[in-house]
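Okay, so here's the structure we're looking at.
Protein chains: 4
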Amino acid sequence: MTYINFPPGRNFDFAAIGRLCIDLNANEINRPMEETRTFTKYVGGSPANIAIGMSRLGMKTTFIGKIANDQMGRFIHRYLTDNRIDTGNVVTDRTGAVTGLAFTEIMSPAECSILMYRDNVADLKLLPSEINEELISRTKMLLISGTALAKSPSREAVLQSLNYAKKHGTVIAFDLDYRPYTWTSSEETAVYYNLAAEKCDIILGTREEFDMMERFEHNPERSDQVTAAKWFNHCAKIVIIKHGKEGSIAYTKDGASHQAKSFPAKVVKTFGAGDSYAAGFLYGLIQGWTLEKSMEFGSAAASIVISSHSCSDAMPTSDQIKEYIGRCERGEIVV
Amino acid sequence: MTYINFPPGRNFDFAAIGRLCIDLNANEINRPMEETRTFTKYVGGSPANIAIGMSRLGMKTTFIGKIANDQMGRFIHRYLTDNRIDTGNVVTDRTGAVTGLAFTEIMSPAECSILMYRDNVADLKLLPSEINEELISRTKMLLISGTALAKSPSREAVLQSLNYAKKHGTVIAFDLDYRPYTWTSSEETAVYYNLAAEKCDIILGTREEFDMMERFEHNPERSDQVTAAKWFNHCAKIVIIKHGKEGSIAYTKDGASHQAKSFPAKVVKTFGAGDSYAAGFLYGLIQGWTLEKSMEFGSAAASIVISSHSCSDAMPTSDQIKEYIGRCERGEIVV
Amino acid sequence: MTYINFPPGRNFDFAAIGRLCIDLNANEINRPMEETRTFTKYVGGSPANIAIGMSRLGMKTTFIGKIANDQMGRFIHRYLTDNRIDTGNVVTDRTGAVTGLAFTEIMSPAECSILMYRDNVADLKLLPSEINEELISRTKMLLISGTALAKSPSREAVLQSLNYAKKHGTVIAFDLDYRPYTWTSSEETAVYYNLAAEKCDIILGTREEFDMMERFEHNPERSDQVTAAKWFNHCAKIVIIKHGKEGSIAYTKDGASHQAKSFPAKVVKTFGAGDSYAAGFLYGLIQGWTLEKSMEFGSAAASIVISSHSCSDAMPTSDQIKEYIGRCERGEIVV
Amino acid sequence: MTYINFPPGRNFDFAAIGRLCIDLNANEINRPMEETRTFTKYVGGSPANIAIGMSRLGMKTTFIGKIANDQMGRFIHRYLTDNRIDTGNVVTDRTGAVTGLAFTEIMSPAECSILMYRDNVADLKLLPSEINEELISRTKMLLISGTALAKSPSREAVLQSLNYAKKHGTVIAFDLDYRPYTWTSSEETAVYYNLAAEKCDIILGTREEFDMMERFEHNPERSDQVTAAKWFNHCAKIVIIKHGKEGSIAYTKDGASHQAKSFPAKVVKTFGAGDSYAAGFLYGLIQGWTLEKSMEFGSAAASIVISSHSCSDAMPTSDQIKEYIGRCERGEIVV
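Protein chains in written order, with the UniProt record's numbering: chain G, 1 to 335; chain P, 1 to 335; chain B, 1 to 335; chain S, 1 to 335.
If you want it as structure tokens, here you go:
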């Protein structure tokens with residue numbers, strides 16, 4: 001059954017809006033950052049990672065965002081271009097903002113943490129007037145990510161992009177990607193996550209992220225059904241709720257729930273799992289695959305990325321995912 | 001025809017949320033403020049004025065807002081109580097915020113201006129967690145006003161109050177009351193006005209205010225029909241667009257437009273016209289009157305207030321309005 | 001003995017730098033502000049009051065400050081001009097700042113309080129580049145006041161004015177005028193008060209104000225001698241420490257201490273006592289009078305002002321002070 | 001001739017106050033940062049570098065500063081301890097501040113630039129109340145650095161440390177270290193640099209830094225003599241003005257000027273030259289060496305550091321400096 005109908009005749013398969021930043025991954029892993037000495041620089045940020053993943057999967061991809069007028073900003077711009085992502089709506093800040101940073105610390109495959117630099121960052125300075133309506137009207141799917149809602153004026157820019165997408169029938173996916181820093185309070189967070197989600201066709205998040213959005217509501221059992229039903233009353237057609245190791249469940253408006261198998265991985269770190277999953281899954285939807293097949297593709301992409309040192313750089317192609325699934329099926333990869 | 005059905009069995013007829021401030025009206029009128037020496041203090045703020053008007057008209061009225069912990073805040077609290085307005089959800093600020101001020105200058109009946117003090121004001125510090133859901137569930141109609149959307153956290157508090165009202169079937173009226181100060185940009189303003197208006201049953205504003213909300217849209221003729229149709233696609237049942245001296249038109253979802261006669265007045269100043277109109281009109285709706293009769297009542301209330309030195313203090317009772325209409329009909333009041 | 005030598009051949013006797021604001025004095029006195037209804041508008045701010053006092057006493061006076069680009073700012077400008085105070089260095093703000101306000105509440109002659117509006121005020125926006133060095137070089141005495149040190153850039157403007165005054169031999173008087181609002185912390189306050197006082201020839205303040213400045217020091221007995229000696233190690237020649245009802249003592253570098261009699265008054269309120277004292281005292285110094293005679297003149301000026309409803313408007317002329325002293329001496333005024 | 005007398009009987013030879021941050025030096029040099037991929041982490045910040053240099057030279061050294069409560073802050077703390085620097089007055093921030101970062105880009109030995117992260121940094125949150133007076137009273141020399149004056153409350157903390165140093169006879173050295181970011185305006189910069197310099201015994205800076213401090217003054221020829229004379233009117237005994245390749249000149253209160261030879265170096269980058277010079281020179285002063293010998297020692301230390309990839313890590317010991325001087329004298333090191 002087809003849950004999402006994509007508008008025909010669009011130039012771009014996929015547009016992502018929001019955070020473009022730099023990951024600085026410690027080269028010396030399995031130790032605290034106090035003991036590391038060198039870092040490798042990658043492009044990062046959840047929507048950036050997903051856009052890179054989509055482009056690697058062959059989707060015609062564009063990005064809506066803002067970069068600092070510095071060496072880091074130019075590095076990001078070049079990386080997007082090298083990955084064949086359209087940058088016509090990647091604006092350069094002129095106010096002296098900096099590029100957001102994420103220093104990653106890998107203590108063990110299970111214990112990872114991030115040290116964020118999010119003060120005065122360029123990505124949160126995107127203005128509503130800088131959103132190109134025409135670009136959104138020429139795109140099949142728009143992905144928004146929760147961090148871009150954390151502060152004005154990026155918050156209003158994202159809300160305005162939703163208006164344009166609704167007006168032009170562009171499918172909207174919302175990757176919740178909730179990160180507490182930058183937000184003023186949990187109430188503020190809940191208000192804007194809910195306002196944005198009301199307009200989205202596809203919502204992906206962890207159970208904990210949906211809990212956060214329900215802080216003004218009554219769902220004491222933390223029931224997925226209650227959560228999904230709430231969004232089906234608005235625009236949602238697919239709600240994916242991730243339960244960590246127990247796997248993800250896709251709920252659909254027809255009352256069905258869908259689950260797919262996951263794949264083993266030699267885990268280096270857990271960062272990037274959600275972004276690669278989103279890329280693989282949304283790619284499947286655009287291909288017209290079943291939810292189950294799309295979810296499986298997403299899971300395999302995630303297993304590849306968490307077996308690697310980076311996030312953006314490790315985003316796989318379609319062939320790499322298929323090969324990985326094949327190797328898993330032949331028992332060549334086991335945990 | 002009945003356009004709005006009010007929920008039965010509620011404790012309060014009316015709740016207003018937002019600005020509570022102090023008007024300091026120059027006693028020496030018809031001159032610039034540079035030449036005035038004394039001021040008289042009144043409670044002010046558009047939603048405060050409307051709430052006072054509703055209470056004077058006999059409606060069981062409550063207020064949701066925040067006051068400074070100072071003499072001005074206590075003066076406001078006392079005035080609300082003296083006017084039989086429930087203050088159970090009027091919170092006192094504890095952060096050192098001040099009471100908003102509006103010094104009014106009456107150069108001539110046609111030329112009035114306001115000098116605002118809106119930095120660090122208590123009313124904009126209302127938190128989403130301070131909104132009493134239960135109170136909203138016990139109220140027939142909630143009135144929001146645009147100025148309360150101008151800044152966080154009041155902005156989120158109002159957005160959250162809309163969620164509660166929708167959840168409990170409380171009718172929502174939106175008095176646009178756009179004032180440029182406090183807002184960061186016109187784009188920001190348009191984004192939040194639109195987001196809020198999408199959830200409202202009744203929208204009242206001037207043609208210029210609706211133009212501001214359409215800055216991302218295409219309505220080159222500034223057509224009332226285009227404007228009204230947009231909102232009927234969301235939740236609106238009644239859209240009132242005010243055209244200054246040409247009078248106000250109420251558009252309804254059935255395609256009809258409604259206009260009522262206006263009344264002469266010996267104008268002292270124009271402040272407070274909109275607030276008294278809103279009180280009279282919304283009172284009529286709650287009584288189950290026709291739109292035309294409600295609008296007429298609002299117009300008469302406005303004529304009374306603009307003939308007086310104050311806004312809140314001049315809000316008329318039902319008897320006063322009826323008497324005014326009678327005197328106009330008998331030709332006793334002419335311009 | 002002459003403690004201060006004024007430079008000869010200057011165009012102005014006196015320049016004050018700092019706060020220009022509006023006092024809104026309740027007309028209904030002997031009650032809390034919650035119960036007052038009307039206010040009268042006056043020019044206010046400690047350095048403004050002292051400058052007005054000096055001009056009324058016949059001193060050629062100029063002001064260095066910043067006013068809001070609004071009706072209140074223009075009212076202040078006109079009042080200074082009407083009082084023959086040079087406004088060549090009174091700059092108009094262009095950033096949207098407002099005029100500082102002080103609502104005064106007179107509960108009883110002994111119980112007075114002030115409700116201040118000090119957010120985003122024009123007087124604290126004065127820039128160091130807006131200080132006219134040449135004007136200071138043509139002035140006998142510069143008066144600074146502590147509140148102007150409370151925030152940047154006014155803080156740097158005052159510190160820079162001290163540099164110009166030292167460079168050109170202009171005598172500097174420092175009226176401590178400490179008011180806790182606006183300051184971030186008591187440590188910050190102490191640091192800047194001390195830095196400024198190190199460069200001043202005359203320092204006037206209450207015992208409590210000097211205590212505040214000694215928070216990093218050791219003066220457990222709160223000894224005036226310890227306090228005065230500290231400043232004589234810098235530039236001070238006269239240190240006046242006020243002990244409320246016990247009167248003021250002037251300490252001089254030669255080790256002497258000086259006290260003058262005070263005068264009875266029919267007290268309306270206590271506001272303005274310090275400003276009128278400063279004007280009377282500094283006027284005496286410029287006349288070359290003894291410290292005792294200057295202090296007496298200041299005391300009489302203070303008695304006149306506290307017997308009146310306003311501060312700035314009540315600043316007396318030389319004849320009025322002499323007449324008041326005469327009436328007191330004749331026993332015509334008793335408490 | 002001895003220009004500086006150090007107080008006897010002190011526990012510490014040297015205390016530095018101010019910036020503690022992280023340098024992230026690109027490993028791939030001679031290219032723009034857009035093309036680099038890996039960075040190595042070092043402790044950085046001018047006063048930190050000088051303190052590390054002093055400790056390597058055998059001086060009993062302590063630091064007064066504030067570090068972030070994160071992995072970077074703990075790395076700095078550990079590095080100071082490993083370098084035998086007392087951290088009794090290195091306070092940990094509890095407000096969520098981050099560690100300042102400096103990404104260095106080495107395009108060529110002559111073309112270096114720095115990308116700074118200075119928003120919400122821990123080092124600028126040091127409070128005046130966190131300065132340990134007793135520690136300063138037990139130290140021979142206190143070094144302050146201009147960047148710590150850039151923002152409150154660090155600004156007041158440094159000004160307060162000067163008060164303590166003056167009170168206890170601790171010699172004060174001021175390394176101007178002017179960096180435009182963080183400062184609001186050039187006037188603000190000049191005001192605080194001058195206020196601080198008035199209290200210092202030794203002032204070191206480039207001709208351009210002294211020009212910045214003279215923006216309110218008249219020194220059209222940019223004369224070193226005029227500059228030095230100004231400071232001798234306050235507390236200064238030695239004023240070192242650096243003229244880049246033409247070398248540094250030390251001016252002394254007796255009217256003399258002193259210059260020393262410099263040493264060749266195989267330059268990798270220019271960062272750290274000033275800090276190593278300051279360490280070598282101040283070390284010589286504490287040893288009681290002549291100015292010329294002290295300056296020579298500083299120059300040799302600088303040549304060692306600019307031949308290396310890092311700043312703090314490359315700070316030489318006394319033996320290394322002596323060996324370097326020997327090798328230069330034997331002609332073993334030539335440019």
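Heads up, the beta-carbon is just placed ideally off N, CA and C, and yes, glycines get one too.
For clarity, every value in this text was computed on a predicted model and none was experimentally measured.
In this structure, the CA atom of P/L159 is about 21 Å from the CA atom of P/T61.
Residue state for S/C235 is assigned as coil, using DSSP reduced to three classes. Where S/T92 is concerned, the enclosing beta strand (DSSP E) starts and stops at D86 to T92.
According to the DSSP assignment, G/N194 belongs to no beta strand (DSSP E) but to the alpha helix (DSSP H) extending over S186 to A197.
A distance below 6 Å between beta-carbons, with the five flanking residues on each side excluded, links B/R10 to the following residues of its chain, in chain order: R138, T139 and K140.
At least one beta carbon of chain B lies nearer than 9 Å to the beta carbon of P/R78.
Within 10 angstroms of the beta-carbon of P/Y164 lie 16 or more other beta-carbons, which makes it buried. Within chain B, the C-beta atoms nearer than 8 Å to that of P/R37 come from T40 and K41, in chain order. In the three-state reduction of the DSSP assignment, B/K125 falls in the helix class, which pools H, G and I. Within the region 117-133 of chain S, L127, P128, S129 and E133 place their CB atoms closer than 8 Å to a CB of chain B, listed in sequence order. The beta carbon of P/P153 does not come within 9 Å of any beta carbon belonging to chain B, so the residue lies off that interface. Burial is judged here by how many other beta carbons sit within 10 angstroms of a residue's own beta carbon; S/V43 has at least 16 and is buried. Here G/I52 has N83, S312 and M315 as same chain residues with Cβ atoms under 6 Å from its own Cβ, once five neighbours each way along the sequence are excluded. Contact between S/T99 and S/A122 holds: their C-beta atoms lie close to 6 Å from each other, under 8 Å.
Spatial neighbours of G/V334 in its own chain (CB-CB distance under 8 Å, excluding positions within 5 residues in sequence) are listed in chain order as P264. Residues are counted here when their Cβ sits less than 8 Å from a Cβ of chain G; for the region 216-231 of chain P these are F216, given in chain order. Per DSSP, the beta-bridge partners of S/M141 are S/F14 and S/V171. No Cβ of chain S is located within less than 9 Å of the beta carbon of B/N69. In the DSSP assignment, S/M212 falls within the alpha helix (DSSP H) that extends over R207 to M213. With a 10 Å radius around the Cβ and a threshold of 16 neighbouring Cβ atoms, G/N49 comes out buried. Contact annotation: S/V268 and S/I238 have beta-carbon atoms that are not nearer than 9 Å. For G/T252, the enclosing beta strand (DSSP E) stretches over residues S248 to T252.
Under the Cβ criterion of 9 Å, B/L195 is counted among the residues facing chain S. Of all residues in the region 89-102 of chain S, only V98 come within less than 7 Å of chain G when Cβ atoms are compared, listed by chain position.
In the DSSP annotation of this structure, the continuous segment of the beta strand (DSSP E) that includes B/Y117 starts and ends at C112 to Y117. For P/V226, the three-state secondary structure derived from DSSP is helix. Chain G places no beta carbon closer than 9 Å to that of S/R19, leaving this residue out of the contacts.
Among the residues facing chain B, S/T184 is included, as its CB has a counterpart in that chain under 9 Å away.
Boundaries around G/G73 are those of the alpha helix (DSSP H), Q71 to D82, since no beta strand (DSSP E) includes it. Here P/N25 carries a strand assignment [DSSP, helix/strand/coil]. Here DSSP, grouped into helix, strand and coil, assigns B/V268 to coil.
As DSSP reads the structure, S/Y42 sits in a beta bridge with S/D23. Here S/A26 is not near S/A68, since their CB atoms are 9 Å or more apart. Under a 10 Å Cβ-count criterion, P/K41 is classified as buried, with 16 or more other Cβ atoms of the shown protein chains found around its own Cβ.
The beta-carbon of B/L142 is placed no less than 9 Å from the nearest beta-carbon of chain P. By the beta-carbon neighbour count (other beta carbons within 10 angstroms, threshold 16), G/D177 is buried.
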